[in-house]
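Residue numbering for the sequence shown is 101 to 404, as defined by our numbering. For each residue, glycine too, the CB sits at the ideal point set by N, CA and C. Only a predicted model underlies this, so the values are computations on that prediction, with no experimental measurement involved.
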Amino acid sequence: MFARRHIISTRDFTKEEIDYILSRAAELELYARGSKTSDLLSGKILANLYYEPSTRTRLSFEVAMKRLGGEVINISSPETTSVAKGENLVDTIRIVSSYCDIIALRHPKEGASRMATSFSTVPIINAGDGAGHHPTQTLLDLYTIQQEQLLDSLRIALIGDLKYGRTVHSLAYALSLYGAKLFFISPEALRMPDEIKMDLIEAGVDIFESTDLRDVIKEVDVLYMTRIQRERFPDPTEYNKVAGTYRITTGLLAENPRAVIMHPLPKLDEIAADVDETANARYFTQAFYGIPVRMAVLSILLER
Ligand code: NCD
């Protein structure tokens with residue numbers, strides 16, 4: 101059902117398709133840990149094209165491919181390639197797609213991955229397009245939530261930069277398929293875009309919005325923190341006004357000792373360092389799940 105499809109937005113999936121990917125990821129966990137080996141994707145090449153910084157997404161795609169016996173080519177500093185000579189994305193995609201079997205693309209412009217699908221002869225996976233979407237991050241977020249047995253009656257607070265945060269855009273859409281109750285907590289200037297809220301309301305999602313995390317902390321199962329993204333602000337003084345608005349501390353957690361804390365990472369100061377040691381913190385495990393989930397995505401798309 102997926103062979104040779106592009107993955108651009110979580111809105112392109114049905115719930116059954118997402119459930120299928122999550123079940124494949126569960127089957128691949130031992131391979132992701134290296135306890136079992138596989139050559140399922142031997143002879144296949146992934147091109148990792150990153151026009152924006154990345155640690156987890158790029159490395160976990162690379163590890164996912166290699167754990168399944170595939171190969172990887174990388175552009176992680178476009179300034180060392182013909183991009184520096186002025187080559188446009190369209191030409192780069194045309195050429196790179198003739199060199200590989202699948203492309204993971206991260207780009208600062210919203211819509212770049214969708215545009216790339218018109219010029220690529222191989223599947224494109226959107227690994228983040230500006231403030232747009234980040235569908236494979238959402239899949240690993242859902243996998244993490246499922247491991248906590250919370251996916252079917254979830255109450256989740258999405259906290260921080262809901263305006264520019266592509267991870268929360270993708271996640272909110274996907275959770276609309278699972279009947280989750282969504283609590284949007286952000287500074288006024290970084291609220292979830294109206295267009296997304298309208299879509300969610302139309303899909304029947306129960307939404308609550310506030311600027312104050314204390315309004316909801318006792319009511320939720322998951323606190324999904326995000327970084328306030330300095331690089332997306334047209335004006336740095338606007339960033340300075342909202343940086344540091346939210347911070348999870350062990351003191352705050354005393355108000356809801358069962359809360360599961362997730363974060364797509366990287367984190368700055370929005371989570372106090374001693375929270376890392378608590379049983380509530382799930383973000384490092386969540387980052388590991390990027391491997392089985394991306395193994396599932398790659399194997400499904402490259403199925404012979
Ligand atoms: C996120 C991203 O790039 O959108 N990181 C990630 O992929 N895990 C979040 C962020 O950069 O803050």
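Does the count of Cβ pairs from the region 373–390 and the region 108–124 closer than 8 Å reach three?
-> Output reads no: the region 108–124 does not touch the region 373–390.
Would you mind listing the alpha helix (DSSP H) stretches within the region 335–399 that are 4+ residues and don't spill past its ends, in chain order?
-> Entirely contained in the region 335–399, the alpha helix (DSSP H) runs reaching 4 residues are, in chain order, 336–342, 350–353, 383–388.
In whole angstroms, what is the alpha-carbon distance linking F308 and F283?
-> Mapped onto the sequence shown, residue 308 falls at position 208. Mapped onto the sequence shown, residue 283 falls at position 183. C-alpha separation (whole angstroms): 5 Å.
Proximity of P235 and T110 at Cβ, strictly below 9 Å | Your numbering for residue 235 matches position 135 in the sequence shown. Your numbering for residue 110 matches position 10 in the sequence shown. In this structure, T110 lies closer than 9 Å to P235 by Cβ.
Any heavy atom of the ligand NAP within a distance shorter than 8 Å of the CB on R358?
-> This structure lacks the ligand NAP; the ligands present are the ligand NCD.
Heavy atom of the ligand NCD less than 8 Å from the Cβ of H234, yes or no?
-> What you label residue 234 is simply residue 134 of the sequence shown in a count that begins at 1. In terms of side-chain proximity, the C-beta atom of H234 is found nearer than 8 Å to a non-hydrogen atom of the ligand NCD.
Could you give the uninterrupted runs of the alpha helix (DSSP H) lying entirely in the region 220–264, keeping only those of 4 residues or more?
-> If you keep only unbroken alpha helix (DSSP H) runs of at least 4 residues inside the region 220–264, you get 235–247.
Local conformation of A103 per DSSP, three classes = The residue given as residue 103 occupies position 3 in the sequence shown. If DSSP states are grouped into helix, strand and coil, A103 belongs with coil.
Leaving aside the five residues before and after S213 along the sequence, list all residues of the same chain whose C-beta is less than 6 Å from its C-beta, in chain order.
-> On the sequence shown, position 113 is the one that residue 213 refers to. Contacts found: I108, L205, I224, N226, D229.
Return the chain-ordered list of same chain residues with a C-beta closer than 8 Å to the C-beta of L122, the five sequence neighbours on each side being excluded.
-> Walking along the sequence shown from the start, residue 122 turns up at place 22. Within the same chain, and ignoring the five residues on either side of L122 in sequence, the residues whose Cβ sits closer than 8 Å to its Cβ are L239, L242, Y243, Q246, V393, A396.
Check whether the Cβ of P334 lies closer than 8 Å to any heavy atom of the ligand NCD, and answer yes or no.
-> Position 234 of the sequence shown, counted from the first residue, corresponds to residue 334. Checking every heavy atom of the ligand NCD against the Cβ of P334, none is found closer than 8 Å.
Would you identify the three-state DSSP class for V316, choosing helix, strand or coil?
-> Sequence index remark: in the sequence shown, residue 316 carries index 216 (1-based). In this structure, V316 counts as coil in the three-state DSSP scheme.
When the Cβ atoms of the region 122–131 are set against those of the region 354–363, are three or more pairs found closer than 8 Å?
-> Not touching, per the Cβ criterion.
Output the distance between the C-alpha atoms of S154 and I175, rounded to the nearest integer angstrom.
-> For this step, residue 154 is matched to residue 54 along the sequence shown. For this step, residue 175 is matched to residue 75 along the sequence shown. Near 11 Å, if we compare the C-alpha coordinates of I175 and S154.
Presumed contact (8 Å Cβ cut-off) between P364 and T326, rounded CB distance | To locate residue 364, count along the sequence shown from 1; it is residue 264. To locate residue 326, count along the sequence shown from 1; it is residue 226. With 8 Å as the limit, P364 and T326 qualify as a contact, their Cβ atoms being about 7 Å apart.
Flag L323 as yes when its Cβ comes closer than 8 Å to any non-hydrogen atom of the ligand NCD, and as no otherwise.
-> For the purposes of this step, residue 323 is taken as the residue at position 223 of the sequence shown. Not one heavy atom of the ligand NCD sits closer than 8 Å to the Cβ of L323.
With C-beta atoms as the reference, is V342 less than 9 Å away from P293?
-> Position 242 of the sequence shown holds residue 342. Position 193 of the sequence shown holds residue 293. Contact: no.
For the alpha helix (DSSP H) holding K166, just list the boundary residues, first then last.
-> Here residue 166 is taken as the residue at index 66 of the sequence shown, counted from 1. First-last of the alpha helix (DSSP H) with K166: 156–167.
L205 (DSSP reduced to helix, strand or coil) = Here the question's residue 205 lines up with position 105 in the sequence shown. Note: L205 maps to strand in three-state DSSP.
Alpha helix (DSSP H) containing A212: first to last residue?
-> Taking the sequence shown and counting its residues from 1, one reaches residue 212 at position 112. Per DSSP, A212 belongs to the alpha helix (DSSP H) from 212–216.
Kindly indicate which residue of Y131, V322, Y151, E152 has the alpha-carbon position closest to the one of Q249.
-> Here residue 249 corresponds to residue number 149 of the sequence shown, with the count starting at 1. Residue V322 is the option with its Cα nearest to Q249.
Per DSSP, what kind of secondary structure is A132 in: helix, strand or coil?
-> Indexing the sequence shown from 1 puts residue 132 at position 32. When DSSP states are grouped into helix, strand and coil, A132 belongs to the helix group.
When burial is assigned at 16 or more other CB atoms within 10 Å of the CB, is K318 buried or exposed?
-> Against the sequence shown, residue 318 aligns to sequence position 218. In the assembly as shown, K318 is an exposed residue. Its beta-carbon has fewer than 16 other beta-carbons within 10 Å.
I328 (DSSP reduced to helix, strand or coil) | As a working mapping, residue 328 is identified with position 228 in the sequence shown. Taken through DSSP and simplified to helix, strand or coil, I328 comes out as coil.
Identify which residue in A289, Y324, I285 has its Cα closest to the Cα of R45.
-> Shown here, the chain extends from 101 to 404; a query on residue 45 therefore has no answer.
Look at the alpha carbon of S177 and the alpha carbon of M362, and state the distance between them as a whole number of angstroms.
-> Within the sequence shown, numbered from 1, the residue matching residue 177 stands at position 77. Within the sequence shown, numbered from 1, the residue matching residue 362 stands at position 262. Taking the straight line from one Cα to the other gives about 29 Å.
Is the region 273–281 close to the region 327–336, with three or more CB pairs under 8 Å?
-> For the pair of segments examined, the region 273–281 was found not to touch the region 327–336: the number of CB pairs separated by less than 8 Å stays below three.
For K297, does the three-state DSSP call read helix, strand or coil?
-> In the sequence shown, residue 297 corresponds to position 197, counting from 1. In the structure shown, K297 falls within a helical segment according to DSSP collapsed to helix, strand and coil.
Under 8 Å by Cβ, that's how I've got Y346 and E370 pegged, so tell me the actual separation to the nearest angstrom.
-> In the sequence shown, counting from the first residue as 1, residue 346 sits at position 246. In the sequence shown, counting from the first residue as 1, residue 370 sits at position 270. Yes, Y346 and E370 are in contact; Cβ-Cβ is about 6 Å, under 8 Å.
Are the CB atoms of I70 and F102 nearer to each other than 9 Å?
-> The structure shown does not extend to residue 70, since the chain is modelled only from 101 to 404, so the question has no answer here.
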